[in-house]
Structures are given as C-alpha cells and as structure tokens.
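A short worksheet on the structure shown next.
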Ligand code: KIV
Ligand code: ZN
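Numbering (this note's numbering), first residue to last: 39 to 536.
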C-alpha cells in the first residue's frame with residue numbers, strides 16, 4: 039500500500055500575494071470550496087495579521103469548508119499567533135503555520151541574530167501555538183540555502199517542542215533537484231524524532247525547478263507537498279498542484295497516493311485563472327490550452343490511430359471534456375448553468391438570467407463561447423457595485439487620421455461626457471476619460487491578450503496605474519480591445535476608493 043501524500047494548497051496565501059491577483063472574501067470562499075471538491079487536505083487560507091481582509095477571509099473560509107484543514111500563516115511572533123488563533127476559531131480542523139528564516143543570510147541580515155537565538159525563537163513560537171491548537175506546522179524559511187547540519191538541529195528542536203509538520207521551503211527556488219532531495223533525506227536520517235512529524239516540501243520556481251524539486255523531496259521521504267493552482271505565487275511562482283497530482287497518477291513507481299480528484303483539476307485551474315485575472319500560459323503542463331492539442335501532421339496521424347502514441351494522460355482525467363467545452367448562441371440557459379457548474383460556479387435565478395443575457399450578446403459577436411469566456415461573463419457582474427461605470431465609448435481611428443474618442447461615464451449615478459484625441463485609439467479614449475476623472479494617475483503597465491483564438495475573440499486587458507504613490511491593478515475583457523482597455527483603466531480607478 040502506497041503512503042499518503044498530503045496536498046497543502048497555498049493558492050490563497052502564497053498565490054494571492056502576487057500583485058494583481060488579490061481576491062475579495064467572496065471570491066476566496068468560491069476558490070476554497072472548489073479546492074475542497076478537488077480533494078486537497080490543507081487550505082492555507084491567509085496570513086491573518088497581515089490585513090483585516092486576510093483575517094476576515096480565514097474566518098469565512100473556516101465557516102465555508104468542512105473537510106480540509108484550514109491553515110493560517112504567522113511569523114514566529116506571539117501577536118501573529120494570537121491573531122491566527124482568533125481567525126481560525128470556526129475551523130473544524132485547524133493548523134497554525136509558524137516559522138522563521140534559518141539560512142545564514144536570513145539570520146544575519148533579516149534578524150541581525152545568531153543561530154542559537156533563531157532556534158530559541160522557533161521553539162518558543164511552536165510551544166506558544168501548541169497552547170491553542172494541536173496541529174502546528176513549522177517553516178524554516180530559506181531552508182534551501184540553510185546548511186543541512188544546522189537545519190537538522192532546528193527541525194529536531196521544533197519537533198521536540200510539538201511541531202506536527204516541518205516545512206522545508208526552497209524560498210528562493212535555488213536548489214537543484216538532487217540537492218533538495220538530499221536535504222530531505224538528510225533530515226530523515228539525522229533528526230531524532232522525525233517519525234513524529236510529516237516533512238513538507240515548499241518549492242519556488244525561480245529556475246523552473248519547483249516541480250522537479252518537489253518530486254525529488256517526495257522520493258526522499260517528504261509526505262506533504264505545498265502547491266498552488268496553475269503554479270501561481272511569488273515571482274516565478276510555486277510548485278503547481280496539477281503537475282504534482284498528475285505526475286503521481288502517471289508514475290506508479292512513486293510510492294505515494296493523493297486524495298486529489300483529478301477530474302476537478304481543469305475547472306479549478308480555469309476558475310483561479312479567471313478570478314485572479316492571471317492567464318495560464320498556452321503551453322503550461324496539464325492545464326494549458328495546448329497541453330492536449332496535437333498540431334503536427336505526424337502527431338495527429340498517430341493520435342487518430344491510437345491516442346496513446348502521443349498522449350500520456352487522458353484529457354478526461356484532468357476534467358477536459360472537449361465535446362462539452364463550446365457553447366453557441368443556440369445554447370440554452372440550462373446548458374450555460376451546467377457549464378458554469380462544471381467550472382465550479384453554481385448559479386441560479388436572477389444572477390443566471392443576467393449572465394445568460396450577457397452570454398447571448400457575446401454569442402452574437404463570437405461564434406463559439408469557451409470556458410474562459412463563460413468565466414469572464416460570470417465574473418463580469420462583479421462590476422455591478424462599482425462607483426464609476428462606462429456608459430458608452432465611441433472611437434474613430436484609421437490610417438491618415440488622428441484618433442478621436444468620446445466617452446460617457448456614470449460616476450455614482452451622475453452622468454458625464456468628454457471627448458479627446460490621442461496618438462492611438464486607446465490613448466484618445468484614456469485622455470477623454472481623464473477629462474472627467476481629473477486625478478494625477480500614470481499608466482505603468484498595459485498588456486492585451488486574446489482569450490482563445492480567432493479574430494472574433496474576447497481581448498483581456500491587464501493594467502497597472504499609479505496614483506498617490508500606490509499601484510492599482512485593473513482588468514477588462516471585451517471583444518472590442520479599446521473598450522476592454524478603458525474598462526481595465528476604470529477598474530483601477532474604482533480601486534482607488536477602497
Ligand atoms: O517561500 C516560503 O518560504 C514561504 C514560507 C512563508 C512558508 O512561503
Ligand atoms: Zn513560499
């Protein structure tokens with residue numbers, strides 16, 4: 039019988055730290071419920087002391103899910119732990135994740151401390167957390183660059199203090215797979231009492247080795263993997279859940295099994311990508327748009343003869359069912375509701391009616407409506423409560439003429455209109471908008487991306503606007519990319535007020 043590998047999902051903590059990926063509490067609950075359906079063992083729901091929003095999300099997620107353990111992050115600081123305990127009060131199964139940096143770099147520059155004092159602080163934090171919860175995980179931040187002998191001393195001390203899980207993060211994504219595996223093996227072989235705790239991997243992808251390092255850790259004795267959906271996370275991201283789950287499913291030689299229902303992987307990936315406005319790269323393993331697309335003639339020929347010639351996994355195993363992906367203008371409300379529920383969104387009544395109306399409008403402009411479009415439509419009513427809304431936009435542009443835009447805005451119920459010219463249609467539209475919203479704001483980043491393919495596609499726009507020394511992220515999606523750009527700009531402005 040294979041060992042159990044526990045899946046610890048940190049999409050809502052390490053993943054959500056990514057600029058522009060912030061979710062509100064309702065969205066976090068939606069993701070948490072989907073993670074429960076997916077079968078994750080632990081949901082890291084936030085870092086409660088970091089903000090009232092994180093605190094509240096941990097409370098609400100604790101109420102919303104039943105089976106997974108809800109975990110809250112802290113530093114090795116009593117106040118952090120007190121706040122985490124309060125945030126976890128409604129969780130049926132709760133865990134505190136506390137820790138401290140253990141590499142010489144962290145000890146010297148972050149803490150201006152020494153190795154012995156760091157052990158004392160780690161031990162004190164675990165002991166303090168143990169007063170409130172049974173399940174305490176300790177992280178040795180930057181363990182990837184911590185020397186193994188010292189790391190073993192830290193791990194031994196915190197297990198003695200009561201840690202049930204010991205997390206060995208490769209915080210900077212520096213380790214080679216062999217090196218990371220050897221680190222885990224060293225702990226298995228040198229730490230007294232290691233059998234009383236579960237060793238956890240937590241790998242970052244700075245050099246593209248997060249998945250390889252995690253697998254190496256598992257092969258050497260780790261029994262929990264910390265992962266995120268689509269591999270989102272700080273900088274180049276964290277290990278992606280879908281890759282680990284499918285590697286374990288495909289490679290029977292790895293002696294572990296997970297509780298993941300792999301058919302929920304694709305809907306979860308789409309949901310997270312859509313809510314976080316974070317596109318999945320087309321060639322992303324397991325969940326990318328091209329992951330199962332065979333374009334070369336030789337491959338297509340082979341796949342038609344026997345699908346296993348070029349496919350090592352069945353798309354259905356990850357929840358991709360090609361026949362049901364595309365909806366058209368002739369699809370009914372029931373088909374839309376079914377597709378939404380496959381994608382993890384349960385919707386009925388007035389809300390469904392609204393999304394269905396928007397769906398029909400889009401289907402008139404685009405022949406085929408894919409999952410990304412549907413998720414975009416389902417998220418579109420998030421703008422309903424916005425202070426500033428785009429009422430109309432008209433743009434004239436072309437070759438040999440200076441682009442001109444006129445715009446109508448609803449600002450808290452009051453109607454405004456303005457017109458401007460610019461060096462392109464987006465520039466003209468934004469200048470017109472700035473004639474109404476007279477604030478000192480600077481566009482810092484602007485990306486346009488097609489959701490799927492075809493000239494009738496929906497364009498997604500991500501923007502970053504600086505206002506009053508702060509950066510705000512906005513998102514827009516529309517078949518008209520100029521309208522999508524203006525929507526994204528307005529999305530940024532609506533955030534100034536929060
Ligand atoms: O990467 C890291 O070290 C972390 C810890 C806070 C667990 O995210
Ligand atoms: Zn991390």
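For glycine and all other residues, C-beta sits at the position ideal for the given N, C-alpha and C. Since the structure is predicted, the reported quantities are computational estimates derived from the model, not experimental observations.
Helix, strand or coil at residue i according to DSSP, with G and I counted as helix
i: residue 509; result: strand
i: residue 126; result: coil
i: residue 254; result: helix
i: residue 433; result: strand
i: residue 39; result: coil
i: residue 473; result: helix
i: residue 362; result: For residue 362, the predicted model reports a pLDDT of 48, less than 50, meaning its position is unreliable; a value from the coordinates is still stated below. If DSSP states are grouped into helix, strand and coil, residue 362 belongs with the helices.
i: residue 133; result: strand
i: residue 499; result: strand
i: residue 315; result: coil
i: residue 514; result: strand
i: residue 146; result: helix
i: residue 284; result: helix
i: residue 567; result: Because the chain spans 39 through 536 in this model, residue 567 falls outside it and cannot be assessed.
i: residue 60; result: coil
i: residue 279; result: helix
Backbone CA spacing between residue i and residue j [nearest angstrom]
i: residue 225; j: residue 135; result: 19 Å
i: residue 473; j: residue 456; result: 6 Å
i: residue 496; j: residue 415; result: 11 Å
i: residue 395; j: residue 199; result: 58 Å
i: residue 108; j: residue 355; result: 27 Å
i: residue 469; j: residue 442; result: 10 Å
i: residue 263; j: residue 119; result: 23 Å
i: residue 501; j: residue 307; result: 22 Å
i: residue 362; j: residue 320; result: Any answer about residue 362 is weak, because its pLDDT of 48 lies below 50 and its placement is not dependable; what the coordinates show is given next. If I take the Cα positions, the gap works out to 20 Å.
i: residue 78; j: residue 241; result: 18 Å
i: residue 520; j: residue 445; result: 12 Å
i: residue 178; j: residue 249; result: 19 Å
i: residue 57; j: residue 347; result: 41 Å
i: residue 137; j: residue 453; result: 53 Å
i: residue 402; j: residue 374; result: 15 Å
i: residue 461; j: residue 493; result: 24 Å
i: residue 390; j: residue 371; result: 8 Å
i: residue 530; j: residue 464; result: 15 Å
i: residue 40; j: residue 294; result: 5 Å
i: residue 129; j: residue 231; result: 29 Å
i: residue 172; j: residue 353; result: 40 Å
i: residue 54; j: residue 430; result: 33 Å
Neighbour flag for residue i against chain C, beta carbons, 8 Å
i: residue 221; result: Among the chains of the structure shown, chain C does not appear; only one protein chain is present.
Beta-carbon gap between residue i and residue j smaller than 8 Å
i: residue 512; j: residue 503; result: yes
i: residue 487; j: residue 207; result: no
i: residue 428; j: residue 349; result: no
i: residue 237; j: residue 292; result: no
i: residue 114; j: residue 182; result: no
i: residue 274; j: residue 211; result: yes
i: residue 310; j: residue 69; result: yes
i: residue 277; j: residue 300; result: no
i: residue 203; j: residue 235; result: yes
i: residue 280; j: residue 324; result: yes
i: residue 303; j: residue 357; result: yes
i: residue 407; j: residue 378; result: no
i: residue 102; j: residue 71; result: yes
i: residue 222; j: residue 259; result: yes
i: residue 437; j: residue 466; result: no
i: residue 73; j: residue 296; result: no
i: residue 209; j: residue 185; result: no
i: residue 229; j: residue 190; result: yes
i: residue 61; j: residue 381; result: no
i: residue 46; j: residue 123; result: no
For residue i, the first and last residue of its enclosing beta strand (DSSP E)
i: residue 175; result: 173-179
i: residue 44; result: 44-47
i: residue 160; result: Per DSSP, residue 160 belongs to no beta strand (DSSP E); it is in the alpha helix (DSSP H), 153-168.
i: residue 452; result: 452-459
i: residue 238; result: 236-241
i: residue 109; result: 107-111
i: residue 205; result: 203-208
i: residue 442; result: 442-449
Range of the contiguous alpha helix (DSSP H) that encloses residue i
i: residue 53; result: Taken as a continuous stretch (DSSP letters only), residue 53 belongs to no alpha helix (DSSP H), as it is neither H nor E.
i: residue 531; result: 519-534
i: residue 225; result: 215-228
i: residue 392; result: 387-403
i: residue 98; result: 90-102
i: residue 20; result: Nothing about residue 20 can be read from this structure; the chain reaches only from 39 to 536.
i: residue 372; result: 371-380
Cβ-heavy atom distance, residue i to the ligand NAD, below 7 Å
i: residue 209; result: Among the ligands modelled here, namely the ligand KIV and the ligand ZN, the ligand NAD does not occur.
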